[in-house]
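Remarks on the structure that follows.
In full-length UniProt numbering, the protein residues as written are 1 to 1134.
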């Protein structure tokens, strides 16, 4: 009854008013920052790691809690509890002190916390309980619950030398910042029907803690088979049914379906089992046992093949379907369902699933990957303990066997550390071998670090030209950014999360199952085959397992959604119906993409204006919106089950169920920097996404305390004049990467063709585009086992003049450079010496311990331009060796050939730098900082750039920032009105005078501020030439590459051009004389190489002549001769 009164309230008034437009909510985008405080951006990494540290690790230890030995039935070791502590660092023996991530970065150590367990074990006949026993160290993700940075205020973070805007979510391992990229995979435990080489097959990848296996049901020549890696042949499906105890054909048919059509299609399969004379379960198991893969290692207790087959059916085939006490009922129903899927797909090709659909995908985060790794290492440690116990207990010793002495903490520590630092995830149990799971966090700019945290990597080979996984999927909408993907071979395979995407973590499925049974689901174990195949009945799945049947599926879905909105269920439990497959799917597993939407009831959004006001006043948080049932998370599958309106005008009172919070959140972090992206041609936004990661700027508030391998800093970074909401949400305006340049769009001097830019020299003098480049050099000073150690010597003096030699000019008296010194190419930074390797014979060593010879291994500076020493750090690393780090600084001003780019994919190099006197100026005497060629606009169609110029110009006059947010932003009309109000032309054009003649230019010039980024590609780092230089040892040809002072290669194609000109002497010079000319002696009679004008073959020196040939050619002849192939040279005079 109360329901009716409610509906009366919302439907009251004149029926004509119901269809009226709904007033849009003011500032409903305020929900986005509220969301980003709790979820999104980098929070999914942190949530996933927290879940592992607080929940998963306890489950893993609980699952493997007992270690028992075969040698002594009394002995046992039981884990009672496990904890991950707070990060610390070992300071001497058994003394630890708390550490901070910044200290680990500087000292090249790992930011890790101890994993401690409480154990109970037997020693001899007594039981002992030990608490806080260290079993290893866990690298800690920054900003996770165990990190020292979690829950700190900005002031406290500043004390710890940490930037408050730094997102966290990465690990510091051996001083390097490592990110575990999000890995994209096909969903586990889900039937996927697909057509493969003309046969229809239904595959399931089962994944449980113990096993991962793939099972296929396929049709061949009208018969159905089950295929699995553990068996040599495909097994006829009826044999599988009989092996699972469904013996009579009637039972099998009732599971698969009793319609005549189905019976006719399944008859050949039944016949096949009849021909194989398989009628009983035992006979079927024996048949399967005969088809097993031959195991290499035969265990001592060998079973009969039939028992092995039964074991296989229980644990490995469809491993995720539970079987207790060899009762295969649920598994047989599952197999029959797979057959029905194959049958349906054979008749109707639309029943085939799409592999690239995002509902069928799961994203693996750091937590689940590390939990796999830890589980593997933990099991290995327990197995080794068991082996040690088996060996040592039978031995008679004075001391009793104490298992604690054999627990090695280093194994788990090294395992986790090397996995994260190398990125190689190898888990032998699952035959899982992956490389490149982790990458070094790119710190070129703040955005490049943020963009890396949201990157999604798919498991496809980049070389294959497959278009399916690369194309933009419709189900990607709002979950993955449509613009942010690299060009080239990884295009479409590497993606980025959108702004409001969250990735779920696991939820316990027990309570969900109870709720389902209470909401009218019939348990599958209590119903027969006829009920399953009834067309009115819907099957209910939970995480890929069959739960039961329901008649009123609509009520089930309604109950679930109501409970979720009331907060009785977890917010990430999703439920959706598939009408083609007559199923209701419930998902509680981790790794699904989801995002929040506003709920719409009877054509009215649930979020009202007063809720937004409460949010602005700070008394309502995002969590409260969820609990009050105003906002809910939908994953990809459930999105397909809802009607979602794009904005308030799009709400249809009869159908709409949800409302988008903000349209601009369908873009990711990098694409959100572009102003007015909806006015640009789409590839231009994609180019900007790639270039925004290479822009120089500020990387964090703590950049002056860091000593990175390479750091680019802009000297005077500015926040952009035309912002977007995303820029404010990500904090890009606080850590910007670029400057607002006054741009005149005109042609000037002809040095601006092909996107080249013309810069104003005076602007550069004032600091436009000026940047600092920091590099580091480091070295360790080790102590060696034979009592020798590295030493650092003071500077050498010239014997005659008593002055310090040029190489050691910059050194201080202690042999390390002093801060503030200038160093030039080939000067020495640290004058280190290493003990020469002496003989290992201990008798020889004792006598001459005093005079060990040292070899000099100096660390020297290399580079065309001089650098200055910013700071020198002397410390110790984790292995107690001295660690010296030197930070070098260069200040660079823009020069010809440096690369700039606006935020619209309009990149260009500096073509000319002009004195301000020669540049055009306008009525106000303003000279542009930059001149851009107008030919960059028409074919590129970057209308967003011209709008940005207009908005920036109006913002200057008004003294405010304009917004260029996607699908919104300041209207062009309003900007033009502002310009007009201040006496400017509303088109954004100005009257310019030539700087050379002083006459006015014939055309009005479009000019105003545009945000330009200086990219990291600078001419100074790329310029390369060579006259003479190093050669490769083997071929005596010049080395390759700029870093090795290499030669400039004249390749095959260049050679072809020279041949076509007939320039034979030039070819000779390039390919031999200036590369690897070599004089050899050749015997005219036998045609072989001679040595020292003596032919070994002929035993004479009569006919030996000297010729020149490339050394590589001589080498080839010698290598051929060594393999008994004799090349002979015929000589003629010319």
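Note that CB positions come from ideal geometry on N, CA and C, so glycine has one too. These figures come from a predicted structure and were not determined experimentally.
Residue of 224, 199, 190 minimising C-alpha distance to residue 213: Taking only the C-alpha atoms, the option nearest residue 213 is 190.
Residue 291 (DSSP reduced to helix, strand or coil): coil
CA nearest to the CA of residue 698, picked from 678, 771, 737: 737
Spatial neighbours of residue 941 in its chain, beta-carbon cut-off 8 angstroms, leaving aside the 5 residues before and after: 680, 681, 684
Meets three-Cβ-pair contact criterion under 8 angstroms: the region 665 to 676 and the region 716 to 726: yes
Own chain, CB closer than 8 angstroms to residue 300, minus 5 neighbours either side, in chain order: Confidence is the limiting factor: at residue 300 the pLDDT is only 49, short of 50, which leaves the residue's position unreliable, though a coordinate-based value still follows. Same-chain partners within the cutoff: there are none.
Start and end residues, beta strand (DSSP E) containing residue 910: Per DSSP, residue 910 belongs to the beta strand (DSSP E) from 907 to 914.
Per-residue DSSP class, three states only, for residue 90: strand
Nonlocal neighbours in the same chain, by C-beta distance under 8 angstroms from residue 142, ignoring five residues either side: 101, 111, 149, 166, 168, 169, 170, 171, 172
Span of the alpha helix (DSSP H), counted from its first residue to its last, around residue 110: That residue, residue 110, is in no alpha helix (DSSP H); it is neither H nor E in DSSP.
Closest by C-alpha distance to residue 938, when choosing among 566, 745, 340, 48: Minimum Cα-Cα distance from residue 938 among the listed residues 566, 745, 340, 48 corresponds to 745.
Residue 1084: first and last residue of the uninterrupted alpha helix (DSSP H) it sits in: Residue 1084 -> no alpha helix (DSSP H), and no H or E assigned at all.
Own chain residues within Cβ distance below 8 angstroms of residue 813, not counting five before or after: 794, 795
Same chain only: Cβ atoms within 8 angstroms of residue 377, ignoring 5 sequence neighbours per side: When the five nearest sequence neighbours on each side are left out, the beta carbons in the same chain lying within less than 8 angstroms of the beta carbon of residue 377 are those of 136, 411, 412, 415, 416, in order along the chain.
Continuous beta strand (DSSP E) assignments of at least 3 residues falling wholly in the region 223 to 298: 223 to 228
9 angstroms Cβ cutoff met for residue 516 and residue 560: Against a cut-off of 9 angstroms, the Cβ pair of residue 560 and residue 516 comes out as a contact.
Residue 910 beta carbon less than 9 angstroms from that of residue 753: Against a cut-off of 9 angstroms, the Cβ pair of residue 910 and residue 753 comes out as no contact.
Among 1127, 1072, 686, nearest to residue 1088 - alpha-carbon criterion: 1127
Coil, strand or helix - residue 786 by DSSP: coil
DSSP-derived helix/strand/coil call for residue 1008: strand
Among 713, 1006, 599, nearest to residue 443 - alpha-carbon criterion: Residue 443 has its Cα closest to that of 713, out of 713, 1006, 599.
Span of the beta strand (DSSP E) around residue 455: Looking at the DSSP string, the run of the beta strand (DSSP E) that includes residue 455 is 455 to 458.
Rounded separation between residue 613 and residue 450 - CA only: 30 angstroms
Distance between residue 953 and residue 981 (C-alpha atoms, nearest Å): 12 angstroms
Proximity below 9 angstroms, CB of residue 1083 to CB of residue 1097: yes
Minimum C-alpha distance to residue 1033 - residue among 1076, 1071, 900: 1076
As assigned by DSSP and simplified to three states, the class of residue 174: coil
Cut-off 7 angstroms between Cβ atoms - residues of its own chain near residue 223, not counting five sequence neighbours on either side: 236, 268, 269, 272
Backbone secondary structure at residue 986 - three-state DSSP: coil
Residue nearest to residue 123 in terms of C-alpha spacing, selected from 107, 74, 116, 154: In terms of Cα proximity to residue 123, the closest of 107, 74, 116, 154 is 74.
Closest Cα partner of residue 1141 within the set 292, 277, 276, 195: Because the chain here runs from 1 to 1134, residue 1141 falls outside it and cannot be looked at.
Secondary structure of residue 349, DSSP reduced to three states: In the structure shown, residue 349 sits in a helix (DSSP, three-state: H, G or I).
Continuous beta strand (DSSP E) assignments of at least 3 residues falling wholly in the region 151 to 217: 171 to 173, 176 to 180, 182 to 186, 192 to 196, 199 to 207
Residue 902 to residue 592 span [Cα, whole Å]: Near 36 angstroms, if we compare the C-alpha coordinates of residue 592 and residue 902.
Within 9 angstroms, strictly: CB atoms of residue 193 and residue 202: yes
Inter-stretch contact at 8 angstroms, needing at least 3 Cβ pairs: the region 538 to 549 / the region 573 to 586: Look at the beta carbons and you see the region 538 to 549 touching the region 573 to 586: at least three pairs across the two are nearer than 8 angstroms.
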